[in-house]
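If you read the protein sequences in the order shown, they are chains A and B.
For reference, each letter of the first sequence is one residue, going 1 to 229 in the UniProt record's numbering.
For reference, each letter of the second sequence is one residue, going 1 to 421 in the UniProt record's numbering.
Glycine is no exception: its CB is placed at the ideal position from the N, C-alpha and C atoms.
Reading through the structure tokens given below for one structure.
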Amino acid sequence: MTDNQNAIELTDVCFRWQRNLPPVLSIPEFIVPRGRRVFLYGPSGSGKTTLLNLLTGINVPQAGAVQILDTPLHDLSGRKRDRFRARHIGIIFQQFNLIPYLSVTDNVRLARQLAGYRHTPQDEFAEIFGALGLEEDLWHRSSHALSVGQQQRVAVARALINRPELLIADEPTSALDSDHRDDFLQLLMQAATERGSTIVFVSHDKALQHHFDDQLDIRDLQGEVAACI
Amino acid sequence: MHLNLARHSLWNRRGTVVLTLITLIISVALLFGIDHIRKEAKNSFSQTISGTDLIVGARSGSINLLLYSVFRIGNPTNNITWESYQDIANHSAVAWTIPITLGDSHRGYRVIGTNQDYFEHFQYGRRQNLAFAEGREFDELFDVVLGWEVAQALGYELGTELVIAHGMGAVSFVDHGDMPFTVTGILAPTGTPVDQSLHISLEAWEAIHLGWESGMPDPRLTPDQEDVLEMDMSRLQPNELTAAFVGVRSPVQTFALQRVVNNYRSEPLQAVMPGVALSELWQMIGMIENVLLLIAFLVLIATLVGMTTSLLASMRERQREMAILRALGASPWTLVILIQMEVLLITLGGLLLGSLVLWGSLQLAQPWLISEYGLFIGTNIWNADTLAYGGLILGLALVLGLLPSLVAYRRALADGLSVKL
């Protein structure tokens, strides 16, 4: 993983849900260097979620290469992709990120367990919760007793607990009001940068793009791919 | 981790889970209960009489004869004469006989006219003889020996005086009130119909029926109790009996003696082997028992299908949960295991609580079953068979659980991170 400096490398990717349907994604090239913070703009229906499914190894394209952190996801078995995702990629959704019947700590611990770590030192939790401004009295509370803002911060904590090289956020701010939005985003960026994570932030709200190093439009990624025609 | 997740997830949906669990508890208790009771009843039935080689009575059916002579269910069709009885008792193959006369009762419990041979030769269970809890055999003419249950239920003790009613009803309009009996003995419990019987001597039976030849007491012919006591015993010699239990000298003579009785010339008699009649009876009951067991199984399957349905319905509201688990790196198989773990927990809970409920109900029902039906039903329901049934139920539940599991699996692959709300 040393010689290549790219976190994401998509080459001649073609993805369709079914053989006889038109392709949803047809991306000749998409590269994100390590450590970059990328804002990916995409209106609804533009294939955002599909792209995230590819980047996280939940789906593989019918043609093309998906190289994430120098690992060819398109060559791996489903089980290996799942394991890779658990260890190296953190994901944050728009909302309802938490398993409602688990406590805050158990939600975060789940990410550790699914990545195959049997034990998690208490200060690991304390460190990430502290970085995201989650007070100690929240740690053992039930998830549905939290406000939306708190829930999203727990989601960030969970996405970062395994120190993933890649953090993928799918409009995590859309459920927050504008006052909290910038604070939340700053906490997220800071915690992710401290842990050396590359960030891909997907949103349809262009007002946020000035926080990021790069701004991309998902429609600009699409192009002609020979295998797709 | 899986177990912990499944546990929390079930607790989160405890409303529907508890309802599913209750239906499962009921059907498990039903299945185990029917299976247990049929075994115990069969056991209890076959323990009712032992050591007796032949039962002799008027010709009817073998099951009928068995039912009224041993189980005291139903009524004898006809009597056998004293002469025939003497003939059989004096046959060279016969070791012992017990004469039995039935037809009267005391507050719903049947009265048996017999003699001391009853206490000497009658055996039940694994060739156990009758034993006295208190007192002794009848000796005086108006002595009565009670079965254990009769003494317990009616609160009788040694020395209690009681009056025998004519006929079999629990409430009788004609009784032998002029000739009260005194309790001289109470038999130890046997778990057989003996516990629900009162035993008097054949002579006493004859005495209380003097002057009853028309079926009702004739005031001019019925003597006083004092006069009866002074009568010559030969005047109280019975003319008729209901049945007789017979023991042979050697088992090989049983068939020969049976043939002799069945071909008896002066009156139509029949002799049945208790073991054969019991198994015939059980074949009849066995049909019903199998149907009951089948119904219990169908109820159980319906319950398991119900559980599957509720799990399938919950899969819709759990799409978000599944997407989160996938995002955290759970494989589709992890989701399958998770749901199967829930099925396992509910089913194990149902099996455990269902058998506990059954055990508790048996504890409560046991005294009542003994007193009402003379059935001794043990409360230990755990044996190799229940274990096998339990395993079968668990297996069935897991097979049916594949349905919601595979839905989760397919959605995990198809939907990925998107959640269609």
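Separation of Gln-18/A and Ala-414/B (C-alpha to C-alpha, rounded to the nearest whole angstrom) is 11 Å. Contact of Ser-9/B with chain A is assigned, a C-beta pair being separated by under 8 Å. With respect to Leu-304/B, Leu-158/B sits apart: the two C-beta atoms are not nearer than 8 Å.
Looking at the DSSP output, Glu-161/B sits in a beta bridge with Thr-182/B. The beta carbon of Gly-135/B lies closer than 8 Å to those of Val-145, Leu-158, Val-183, Thr-184, Gly-185, Ile-186 in the same chain, with the five residues before and after it left out.
Within its own chain, the residues whose Cβ lies closer than 7 Å to the Cβ of Arg-85/A, once the five positions on either side in sequence are excluded, are Thr-56, Gly-57, listed in chain order.
Per the DSSP secondary-structure output, Ser-197/B pairs in a beta bridge with Arg-110/B. For Arg-79/A, the nearest beta carbon of chain B is closer than 8 Å to its own beta carbon. The alpha carbon of His-121/B has as its nearest neighbour, out of Asn-262/B, Arg-249/B, Leu-352/B, the alpha carbon of Arg-249/B. Taking a C-beta cut-off of 7 Å against chain B, none of the residues of the segment 1-25 of chain A qualify. Within chain A, no residue has its CB atom less than 7 Å from the CB of Ile-288/B, the nearest being about 47 Å off.
Within chain B, the residues placing a beta-carbon under 7 Å from that of Phe-96/A are Arg-320, ordered along the chain. Contact between Phe-138/B and Ser-44/B does not hold, since their C-beta atoms are separated by about 27 Å, which reaches or exceeds 8 Å. Interface with chain A (8 Å Cβ-Cβ cutoff): Arg-326/B is included. Annotation: the segment 213-256 of chain B contains the following complete segments of the alpha helix (DSSP H) (minimum length 4 residues), in chain order: 225-230. Counting only the Cα atoms, Glu-321/B lies some 19 Å from Thr-309/B. Taken through DSSP and simplified to helix, strand or coil, Val-272/B comes out as strand. Chain order gives no chain A residues near Ser-310/B, where near means a beta carbon separation below 8 Å; the closest approach is about 17 Å.
Of all residues in the segment 98-111 of chain A, the ones placed with a Cβ closer than 7 Å to any Cβ belonging to chain B are Ile-99, Pro-100, Tyr-101, Leu-102, Leu-110, Ala-111, in chain order. When CB distances to chain B are screened at a threshold of 7 Å, not a single residue of the segment 138-156 of chain A falls below it. Here Pro-274/B is buried: its Cβ has 16 or more other Cβ atoms, across all protein chains shown, within 10 Å.
Nearest C-alpha to Gly-35/A among His-204/A, Asp-170/A, Ser-197/A, Glu-224/A: Ser-197/A. When C-beta distances to chain B are compared with 7 Å, the residues of the segment 62-86 of chain A below that value are Gly-78, Arg-79, Asp-82, Arg-83, Arg-85, Ala-86, in chain order. Bounds of any alpha helix (DSSP H) do not take in Ile-92/A; it lies within the beta strand (DSSP E) bounded by 89-92.
Look at Ile-91/A: its C-beta is under 8 Å from a C-beta on chain B. Flagged as an interface residue toward chain B: Ala-115/A, by a C-beta distance shorter than 8 Å. Contact between the segment 116-129 of chain A and the segment 154-161 of chain A is established, with three or more Cβ pairs separated by less than 8 Å.
Of the other Cβ atoms in all chains shown, 16 or more fall within 10 Å of the Cβ of Pro-76/B; this residue is therefore buried.
Around Met-1/B, the beta-carbon contacts reaching into chain A at under 7 Å are Gln-113. C-alpha of Ile-99/A to C-alpha of Gln-151/A: approximately 10 Å in a straight line. Taking CB atoms only, Ala-330/B has a neighbour in chain A less than 8 Å away. Under the 10 Å beta carbon count, His-199/B is surrounded by 16 or more other beta carbons and is classified as buried. Take Leu-134/A, set aside five residues on each side of it, and the residues of its chain with a beta-carbon closer than 8 Å to its own are Val-104, Gln-150, Arg-153, Val-154, Ala-157, in chain order.
Listed by position along chain B, the residues whose Cβ is nearer than 7 Å to that of Thr-198/A form an empty set, because the closest Cβ is around 17 Å away. The three-state reading of DSSP puts Leu-187/B in strand, counting E and B together.
Chain order gives no chain B residues near Ile-128/A, where near means a beta carbon separation below 7 Å; the closest approach is about 15 Å.
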